[in-house]
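Participant: -4 is the number of the first residue of the sequence shown in the numbering used here; add one for each residue after it.
Don't be surprised by glycine CBs; every beta carbon is placed ideally from N, CA and C.
One structure follows; several queries about it will come next.
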Amino acid sequence: MICYYNNSFLEKNEIKVSPFDRGFLFGDGIYEAIRTYNSNLFMYEEHLARLKRNLIKININYEKIDALEGIIYELIERNNFSDNEVNVYLQITRGESFPRKHEFPAPSVSPTIFVYALPIDTKKLQNDEGISIILKKDLRWKRCDIKTINLLPAVMAKQEAVLQQAYEAVWHNGNAILEGSHTNFFGVRESRVYTHPLDNSVLPGITREIIKKLCKNLNIPFVEQPVLVAETNLYEEFFITGTTTEIKPVIKIEGEILGGGKPGKISTNLIEAFTELTKNYYGN
Ligand SMILES: Cc1ncc(COP(=O)(O)O)c(C=O)c1O
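Dropping the structure here:
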């Protein structure tokens, strides 16, 4: 498989990352995950805008950012993935500098960029039957709006979910439900969709934005207020969203079956509208 690494297209086994790369030493970097529908990068402008915002938030100056779209399509072509849908992973770190020091290196140090694409098994992905989640007390940092590569809490929580045969671990702060380890979280109460407002405790998900638009189109009130842990019994439905996850109805929380173990009506309507949108997607 060919990947893109610092100005070159290289076989994955040929890529050698320096141990002095600040991504390796400090987790000093950010990432994006994008996917295609009908071989077009879905919501590319929105992903690029988030990437640019994140670079500004952590003070990385990556000058070639506007060339990325061409690089991604070239990567897909070089791998002969053009007939597949693909997931794209893209990471930018502050680059390599020696010796290890916390403060930023000299401006002459260039960021490290890494991109790879992987075909999606689209048949396997169509699992709208519902998933299980576990709830976890949030133990991340206070800037969860940044899509940092520092993902240790997310990795630990997701592993715990997997060990409990659950798909996702969802964070709460002792009162409000925030988001999942790699997804945004939504509740449906009296036919209104609720989700945590955009602040430093959640990632501004691109799929979350799509849910907001679909709700508008379907005349479903979209309320940016969190679901409270103590009030989950007042909700009819829950679902989670993400670029690779798409929309997944939640049918079990902490082992307790919800809605008779079947996806709810609003989740199903949103999935249908999302499927229609992506089926007909041929670029922004
Ligand atoms: C913590 C977190 N929240 C939400 C999301 C969903 O974001 P998006 O819809 O842009 O994929 C992700 C995606 O990786 C995530 O890591």
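#1: Is the Cβ-Cβ distance between G18 and T88 less than 7 Å?
#2: Alpha carbon to alpha carbon, what distance is there between H42 and S34?
#3: Output needed for I32: all residues of its chain with C-beta closer than 7 Å, excluding positions within five of it in sequence on either side, in chain order.
#4: T107 and D23: beta carbons closer than 7 Å?
#5: Please tell me whether, using a cut-off of 6 Å, the distance from the CB of N49 to the nearest non-hydrogen atom of ligand 1 is below it.
#6: What's the call for G237, buried or exposed, on a 16-neighbour Cβ count within 10 Å?
#7: So is the beta-carbon of I201 under 6 Å away from any non-hydrogen atom of ligand 1?
#8: Do you know how far the Cα of V197 is from the Cα of W166?
#9: State yes or no: is the C-beta of I246 within less than 7 Å of the C-beta of G125?
#10: Hey, which unbroken runs of the beta strand (DSSP E) at 3 residues or more fall wholly within the region 134 to 202?
#11: Kindly indicate which residue of Q220, R203, I261 and N212 has the alpha-carbon position closest to the one of T240.
#12: Can you give me the C-alpha to C-alpha distance between F93 and F21, rounded to a whole angstrom?
#13: By Cβ distance, which residues of its chain are closer than 6 Å to I215, with the 5 residues on each side in sequence left out?
#14: Taking the alpha helix (DSSP H) that L265 falls in, what are its first and last residues?
#15: Tell me whether the region 170 to 185 and the region 148 to 159 touch, counting them as touching only if at least three CB pairs, one residue from each stretch, are closer than 8 Å.
#16: Identify every residue that forms a DSSP beta bridge with Q220.
#17: To the nearest angstrom, how far is it from the Cα of E27 to the Cα of I55?
#18: Is G24 near ligand 1, going by C-beta to nearest heavy atom under 6 Å?
#19: Give the list of continuous beta strand (DSSP E) stretches no shorter than 3 residues that lie fully inside the region -2 to 45.
#20: Could you please give the first and the last residue of the uninterrupted beta strand (DSSP E) stretch that includes G237?
#21: Where K47 and K142 are concerned, what is the direct C-alpha to C-alpha distance, given to the nearest angstrom?
#22: Just checking E155 against ligand 1 - is the residue's beta carbon closer than 6 Å to any of the ligand's heavy atoms?
#23: Classify K243 as buried or exposed, calling it buried when 16 or more other Cβ atoms lie within 10 Å of its own Cβ.
#24: Is G237 a contact residue of ligand 1, with contact defined as CB to any heavy atom under 6 Å?
#25: For L36 and G65, I'd like the C-alpha separation in whole angstroms.
#26: Hey, is T145 close to ligand 1, as in C-beta under 6 Å from one of its heavy atoms?
#27: Report the residue from L253, L193, N145 and S127 whose alpha carbon sits nearest the alpha carbon of A161.
#28: With hydrogens ignored, establish whether the beta-carbon of V174 is closer than 6 Å to any heavy atom of ligand 1.
#29: Taking all protein chains shown into account, do 16 or more other C-beta atoms lie within 10 angstroms of the C-beta of P102, making it buried, or fewer, making it exposed?
Facilitator: This is what the structure holds:
#1: For G18 and T88, yes; Cβs fall inside 7 Å.
#2: Roughly 16 Å between the two C-alpha positions.
#3: A small fix is needed here, since residue 32 is Tyr in this sequence, not Ile. So the list reads E80, T273 and Y276, once near-sequence residues are dropped.
#4: No, the Cβ-Cβ distance between T107 and D23 is not below 7 Å.
#5: False, no ligand heavy atom lies under 6 Å from that Cβ.
#6: G237 should be labelled buried.
#7: Yes, ligand 1 has a heavy atom inside 6 Å of this Cβ.
#8: Take the alpha-carbon of W166 and the one of V197: they are about 10 Å apart.
#9: Yes, Cβ-Cβ distance for I246 and G125 is below 7 Å.
#10: Uninterrupted beta strand (DSSP E) stretches at least 3 residues long and entirely within the region 134 to 202 occur at 163 to 167, 172 to 175, 179 to 184 and 187 to 190, given in chain order.
#11: Answer by Cα proximity: R203.
#12: Those two C-alpha atoms are separated by around 13 Å.
#13: Counting only Cβ-Cβ distances below 6 Å, and skipping sequence neighbours, we find V188.
#14: For L265, the enclosing alpha helix (DSSP H) stretches over residues K260 to K274.
#15: Cβ pair count under 8 Å is three or more, so yes.
#16: According to DSSP, residue pairing for Q220 in a beta bridge does not occur.
#17: In a straight line, the C-alpha of E27 is about 15 Å away from that of I55.
#18: No, Cβ of G24 sits at least 6 Å from all heavy atoms of ligand 1.
#19: DSSP runs (the beta strand (DSSP E)) wholly in the region -2 to 45: 3 to 6 and 24 to 32.
#20: Taken as a continuous stretch (DSSP letters only), the beta strand (DSSP E) holding G237 covers E232 to G237.
#21: Taking the straight line joining both Cα atoms gives about 11 Å.
#22: No, the beta carbon of E155 sits no closer than 6 Å to any heavy atom of ligand 1.
#23: It counts as buried.
#24: Taking 6 Å as the cut-off, one finds at least one heavy atom of ligand 1 near enough to the beta carbon of G237.
#25: Cα to Cα, L36 sits roughly 11 Å from G65.
#26: Reading off the sequence shown, one finds Asn at residue 145, where the question assumed Thr. It does not: the Cβ of N145 is nowhere closer than 6 Å to a heavy atom of ligand 1.
#27: The option with the nearest alpha carbon to A161 is S127.
#28: In the sequence on display, residue 174 carries Glu and not Val. For ligand 1, at least one heavy atom lies less than 6 Å from the Cβ of E174.
#29: It is exposed - the Cβ of P102 has fewer than 16 other Cβ atoms within 10 Å.
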